[in-house]
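Residue numbers (full-length UniProt numbering): 1 to 137.
What follows is the structure, encoded as structure tokens:
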């Protein structure tokens, strides 16, 4: 199923996932400002907590992406809807870890967008699956 944007906020989120899936972390900087927040809604595993501004890329995404083969994982948007500044996305991410393990996890994302930037995003996933795959449990 191909998901298309119904408005500018949804298009921003689709563009974000396209760049994220490419692995080009430098291009991701354009989606954020100094007060942007990425909050994985997980507990007791690496990456938990709020990541703010460019630390999202430098201290959070760079290490996470480093656990995967270059260009992985890929995000596959399955469903999206929005209301005002909020965009909700259901997705699946697939790829291979640096150890050659297959990664296949489902996600739900809630974005808050304004002025063409991501103000906040909350990431929900199967954290137990992730912890087991990467030996964090």
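Even for Gly, the Cβ is constructed at its ideal location relative to N, Cα and C.
Because the structure is a prediction, the values reported are computed rather than measured.
Give me the DSSP bridge partner(s) of residue i.
i: residue 117; result: 114
i: residue 103; result: 95
i: residue 83; result: 86
i: residue 74; result: 94
i: residue 122; result: 39 and 110
By Cβ distance, which residues of its chain are closer than 7 Å to residue i, with the 5 residues on each side in sequence left out?
i: residue 47; result: 40, 60 and 64
i: residue 130; result: 45 and 105
i: residue 70; result: 23
Reducing DSSP to helix, strand and coil, say where residue i ends up.
i: residue 59; result: helix
i: residue 139; result: For the chain, the structure presents residues 1 to 137; residue 139 sits outside this window and is missing.
i: residue 10; result: helix
i: residue 19; result: helix
By a C-beta neighbour count over all protein chains shown, 10 Å radius and 16 as the cutoff for buried, is residue i buried or exposed?
i: residue 87; result: buried
i: residue 7; result: exposed
Among the residues of its own chain, which have a CB less than 6 Å from the CB of residue i, if the five just before and after it don't count?
i: residue 120; result: 37 and 112
The segment 48-58 contacting the segment 74-84, beta-carbon criterion three pairs below 8 Å: no
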